[in-house]
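The structure appears right after this line, and notes come after that.
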Amino acid sequence: MICRRMRKLMRKMLVFQKNFYSKQDNIISPPMMLGSNAISQKTWFHILEYGDSDLSTSHVDVFFYYLRKMSKYNEQCPVNFTTTDCTFMNDIVTKYEKISGEADIESKIRGDDCILDVIKGNALQYGKPWSMVEYVFFPIWLPEQEHWLLGILSLSMRQMFVFNSLTCNKDKNKIIEIV
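Using our numbering, you'd call the opening residue of the sequence shown number 40 and step up by one each time.
Below, the structure is given as structure tokens:
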């Protein structure tokens, strides 16, 4: 709560403009393809450079796309991993909300092709089957804190690690509860 207030105060103090570019000057034509995302506005890059706004799912998906690509084609990468994307995160949250507290959870999970396709390495460009990796990196969005976390699932250790860049410990219990 305090971190969110501090961020809002900082934004007001720094007086960031909402419309940094004019409507015409903001357009990138033709759109630039980053991963599977077509970037058609300069403000997309402005957010990365100056941090005047929260990262969008598009930013996070592009980041994870390039991590997947590096993992698949860089033979010198010391860690064997793959990633998911924001859609996968939303699918997992939606599925959990539907089936939590119900009997026969296992059959309901097995029937979800979207989730299984990501796990098999078929859904995402440069994705690897989870059976062939040691780690799965995934994004976690915290709407109340307006903040992204990095989740890492260690398949060999059967543990999940969560990395948080927020310095406030006040929201720590809330984050643990959400995750």
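Where is the CB? At the ideal position from N, CA and C, for every residue including glycine.
Within its chain, find whatever has a CB closer than 6 Å to the CB of residue i; leave out the 5 residues flanking it on each side and keep chain order.
| i | result |
| --- | --- |
| Tyr104 | Gly74 |
| Ile179 | Leu188 and Gly190 |
| Glu216 | none |
What residues match up with residue i in a beta bridge as DSSP calls it?
| i | result |
| --- | --- |
| Met71 | Ile78 |
| Gly190 | Phe177 and Val201 |
| Ile66 | Gln80 |
Give every residue of the same chain whose Cβ lies closer than 8 Å to the Cβ of residue i, excluding the five residues on either side of it in the sequence, and list them in chain order.
| i | result |
| --- | --- |
| Met199 | Gly190, Ile191, Leu192, Ser193 and Val218 |
| Arg44 | none |
| Cys116 | Met109 and Ser110 |
Quick one: using the 10 Å Cβ neighbour count with 16 as the cut-off for buried, is residue i buried or exposed?
| i | result |
| --- | --- |
| Gly166 | buried |
| Val54 | Because the pLDDT of Val54 is 47, which lies under 50, any placement of that residue in the model is unreliable, and the number read from its coordinates should be weighed accordingly. Burial call: exposed. |
| Val118 | exposed |
| Val132 | exposed |
| Leu155 | exposed |
| Arg107 | buried |
Please state if the CB of residue j and the CB of residue i are separated by a distance shorter than 9 Å.
| i | j | result |
| --- | --- | --- |
| Thr122 | Phe202 | no |
| Val99 | Asp124 | yes |
| Thr86 | Ser79 | Just to set this straight, residue 86 is Ile in the shown sequence, not Thr. No, these two residues do not count as a Cβ contact at 9 Å. |
| Glu183 | Lys211 | no |
| Phe127 | Leu181 | no |
| Asn76 | Ser97 | yes |
If I measure Cβ to Cβ from residue i and keep anything under 7 Å in the same chain, skipping five residues before and after, which residues do I get?
| i | result |
| --- | --- |
| Thr82 | Phe59, Tyr60 and Asn65 |
| Phe120 | Ser110, Val172, Glu173, Tyr174, Val175 and Phe176 |
| Met71 | Ile78 |
Problem - Entirely enclosed alpha helix (DSSP H) segments - the segment 91-128, minimum 4 residues - result: Segments of the alpha helix (DSSP H) lying fully in the segment 91-128: 96-112.
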